[in-house]
Every structure is written in C-alpha cells, then in structure tokens.
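Data first, discussion second: the structure below is written as structure tokens.
Residue numbers (the numbering used here), protein chains in the order written: chain A, 234 to 390; chain B, 234 to 390.
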C-alpha cells in the first residue's frame, strides 16, 4: 500500500499542506464492517448491503436517545489512511484530471467520509445500519438524522 | 452569548469530553454570508436564499477544477462557536429531551456543519453558492459534489 499512497499519477498535483492544527476531532466510536482491505471495500454503499455495526464510545452513548425515530442516518467518519495533499487527481488513470473538490475521493485536505445509511436497529451502545462503504475499524466522528428525512418531531411524538 | 453557551437547560446532560486530539483539521477557506449573529442566521438554508461567497485559501485553489460541472455542492464547515459537550439536549425548551445524534443541532462532539448549496459560479478562488445557513466568517473544511447528483463524468466530457 505504501507505494500507492506516496505515488503521484500523470497530471496529479501534490501540494505542501499547512499543518492540520486549526481544529481537533475526537473519535466518538468505531465502525465495524466486513471489509479489511481497500480492494474489497465497495466504492459506494448500498442500502441492501450487509449490516454493519457502529460502536459508540463513552461518554457519548446517551446521545443516541431518539435516533430510533429515523430511518436514515448520516454517518460521518474519518478516513484515517488517506493522504491529504493531492489537489489535482487522475482517478481513472485516463488523463481526465479533476480537482479534489470535484471528486468524492477519500483523498482530500480533510478526509471526512459521509454515507447515508439505513437504520436497522440500536442495541445498547451499538447502532446497526446498512449502506456503508468504509474499512473495518474506521473511526466515527458523527451521526445525524438524514437531512432529507429530517423534521423535528412534534412535542409528545 | 456567554451565558447561553455555558448554561444547561432542564433535562440536558453535559459530559466531560475527552480532549479533541484524535485527528486534526485544516481550514481550507472561509465562508462569507450576510449573517453576523446567530439570531439573524436562518435555521436551514434555502436554495433561493442570498448568494454567499466561499473563499478558498492557498494551496487548495487548483482543487476547484471541474467543480463547475455540478449544480449542487456539499459544503462542510466548522461550527467554531459551538460547545461540544451536550449529549442530551432540550432544543425547544419544552421537555422533549433528545440525544445529540437524533438532532442536527450545531452543538455536538465534532461540530461539523453540512449544507447542500446550489452552485452559482466560480470566480478565481471564490465559489458562489445559494443555500447556506452559517455565520459570516465560518471556516470551510471541505467541498464535494452532492452525492445525490454525483456521477463521475465520462472521459472527454
């Protein structure tokens, strides 16, 4: 993997990024999926894909209260293995060079991944979902009700 | 604002969060909006709202190449004024207590905001969009083509 991570393809541009010290993240959980290498990880999650387990760490577990009211959840995770310096990329190795902000590549200045997953259930500190596309062990940084589905429940409902 | 930031409403739960040192973010730009206080900031952006300017910092500007092909863009930003410790919240002050992961509140362990904006144009290092709902001066952490609209363009198109 090392050679892949540090190579630059034809037409790509790597920059010297500033140090990533403007704000700090806390990992609030860990995502358990069936995929242990990039090669076997799907490019995009499918809502009929396998059930994955999102483990929430203390002290955040009470934050799940009420999530069961939603069918879809936005899952924000940290792509901890991605390089951060490629502003121009050649994703299909075909010379079609595109900027990082025109791609959903995991390689980006702040490698935050976002999937919309179908909520299957909640068991204690574990959220069961379908529709993820990340490696086993990926750090979790947030969960939110899907914006498409979100409307604040009325009092008493 | 200070009293609001440090007060806890009936039924809310503040925790002692771990230090946010698991990963570091770099601010890649700054968002310019008409809103300079929370009171005047819309709760949710509208795609017929005012044009806002997203300024991209060096060395990331080349990363905009190709973004003009998309009509909608996901804007990730850092809610730099939000507290991070409230796992149970009483958002409408009506006793309907909900966990942070069942809310799209800016108050969360990692205060990352996400809006889907309509792309109006790109002028040098500035991206013009409609549909934001953040304060003037908010730090930008990422831009991606909207997942709903995203399909990788074919070579030569």
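Yeah, the Cβ is synthetic: ideal placement off N, Cα and C, and Gly gets one too.
Best match in the options for proximity to residue i [C-alpha to C-alpha]
| i | options | result |
| --- | --- | --- |
| residue 306 of chain A | A:370, A:365 and A:372 | A:365 |
| residue 378 of chain B | B:359, B:372, B:367 and B:348 | B:348 |
| residue 301 of chain B | B:337, B:352 and B:380 | B:352 |
| residue 249 of chain A | A:357, A:321, A:373 and A:372 | A:321 |
| residue 346 of chain B | B:241, B:376 and B:356 | B:376 |
| residue 273 of chain A | A:368, A:380 and A:372 | A:368 |
| residue 246 of chain A | A:308, A:277 and A:342 | A:342 |
| residue 244 of chain A | A:323, A:298 and A:252 | A:323 |
| residue 357 of chain A | A:240, A:291 and A:344 | A:291 |
| residue 303 of chain B | A:269, A:240 and A:335 | A:335 |
Reduced DSSP category for residue i - H, G, I as helix; E, B as strand; rest coil
| i | result |
| --- | --- |
| residue 309 of chain A | strand |
| residue 230 of chain A | Because chain A is modelled from 234 through 390, residue 230 of chain A falls outside the range shown and cannot be assessed. |
| residue 375 of chain B | strand |
| residue 258 of chain B | strand |
| residue 365 of chain A | coil |
| residue 263 of chain B | strand |
| residue 370 of chain A | coil |
| residue 357 of chain B | coil |
| residue 237 of chain A | For residue 237 of chain A, the predicted model reports a pLDDT of 49, less than 50, meaning its position is unreliable; a value from the coordinates is still stated below. If DSSP states are grouped into helix, strand and coil, residue 237 of chain A belongs with the helices. |
| residue 252 of chain A | coil |
| residue 380 of chain B | coil |
Distance CB(residue i)-CB(residue j) smaller than 8 Å
| i | j | result |
| --- | --- | --- |
| residue 260 of chain A | residue 318 of chain B | no |
| residue 326 of chain B | residue 242 of chain B | yes |
| residue 294 of chain A | residue 361 of chain A | no |
| residue 296 of chain B | residue 332 of chain A | yes |
| residue 370 of chain A | residue 253 of chain B | no |
| residue 299 of chain B | residue 350 of chain B | no |
| residue 380 of chain A | residue 337 of chain B | yes |
Nearest-angstrom Cβ-Cβ length linking residue i and residue j, presumed shorter than 8 Å
| i | j | result |
| --- | --- | --- |
| residue 264 of chain A | residue 287 of chain A | 5 Å |
| residue 314 of chain A | residue 340 of chain A | Contact flag wrong, Cβ pair sits at about 10 Å. |
| residue 355 of chain B | residue 310 of chain B | In fact, because the Cβ distance is near 18 Å, the residues do not count as touching under 8 Å. |
| residue 344 of chain B | residue 312 of chain B | 4 Å |
Task: Segments of 4+ residues assigned as alpha helix (DSSP H) that fall wholly inside the stretch 265–350 of chain A - done: none
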